[in-house]
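**Student:**
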Amino acid sequence: MTVSVPTIPSPKTEGVPAAHVAPSLEALFASFLGTLPRLLSDERDLCGYSGQDPAVDAWIRAADASLAATKAACGAVLAAPASGAAELNLQRVARLFMDVIRSADPDEVACLRTHARLRRWAYSVPSEVTGARTINMMIASALDRFESWLSLEDAFDARAEAWSDKGLDLPGTPDLGPAF
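According to my numbering, the sequence shown is numbered sequentially starting from 18.
#1: Mind checking which residues open and close the alpha helix (DSSP H) that includes residue 169?
#2: Provide the residue span of the alpha helix (DSSP H) that contains residue 139, from first to last.
#3: Residue 87: buried (16+ other C-beta within 10 angstroms of its C-beta) or exposed?
#4: Between 80, 117, 74, 73, which has its C-alpha nearest residue 55's C-alpha?
#5: Would a C-beta distance cut-off of 7 Å place residue 156 and residue 117 closer than the cut-off?
#6: Taking Cβ to Cβ, would you say residue 108 is nearer than 7 Å to residue 129?
#7: Starting from the Cα of residue 45, find the closest Cα among 164, 139, 92, 60 and give me that residue.
#8: Helix, strand or coil for residue 33, going by three-state DSSP, please let me know.
#9: Kindly list the residues whose CB is nearer than 6 Å to the CB of residue 146, restricted to its own chain and excluding five residues on each side of it in sequence; keep chain order.
#10: Tell me which residues share the same chain as residue 114 and place their Cβ nearer than 6 Å to its Cβ, disregarding the 5 neighbours each side in the sequence.
#11: Applying the criterion that 16 or more other CB atoms from any shown protein chain within 10 Å of the CB defines a buried residue, is residue 133 buried or exposed?
#12: Going by CA-CA distance only, name the one from 141, 51, 160 that's closest to residue 131.
#13: Which residues bound the alpha helix (DSSP H) around residue 83?
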C-alpha cells in the first residue's frame, strides 16, 4: 500500500531546487529514532556475552554496524543548525545518546542514565511551542529507548553480583559458581 503525503513548501525553501534543501532537524531526528530498534535488537542479542566464542563475531559485527548507524544519525542531528526550543531539545536528546556512545566511563553513563530517568521533563518542549505534542512524543520515544538500551545488561550485572557472593555457598564447600 502506498501512502502519499502532500508536501507544503515552507517560506524558507519555496523556489529552491530540492537538491539544495537540507532535511529538517525534525526529519533527521526521526531518522535517528529509526536506527534505535535495530540497535536495541542487536545489542540484546549480545547481552551477557563475555567474549570467548568466535562464532558470535557476526552478532558483534551487527551490533557494531547498528551502533555506527545510530552514531551517524545522531551526529547528523547534532550537526544541523537548530532554531527554536523544539529543535534545541531534540539536539539535547541526541547529545545524551552521543555522550553515552562516546563514554568509556561506566559511572558517567550511570549518571547520564539517572539524569534522563529522573528529569525527563527537562527534555520536553513547552506546550506553547508549535508542534510540541509531536516533538514531545519523539523525545519520549527516544528517552524510552535510551532506558531500554542501557538496561539491557542490568540482569547480567545482577547475576554477576549474585555469583560473587561467597556467603551463599554451603559452609565448608568450594565455590561452585552461582548460588540459587
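In this text, a Cβ means the ideal position worked out from N, Cα and C, and glycines have one as well.
**Tutor:** Taking the geometry as given:
#1: Element bounds for residue 169: n/a, residue is neither H nor E.
#2: First-last for residue 139: undefined, no H or E at that position.
#3: buried
#4: 80
#5: no
#6: no
#7: 92
#8: Note that residue 33 scores a pLDDT of 47, beneath 50, so its modelled location is shaky; the value from the coordinates is reported in the next line. Note: residue 33 maps to coil in three-state DSSP.
#9: 102, 103
#10: 91
#11: buried
#12: 160
#13: 74-96
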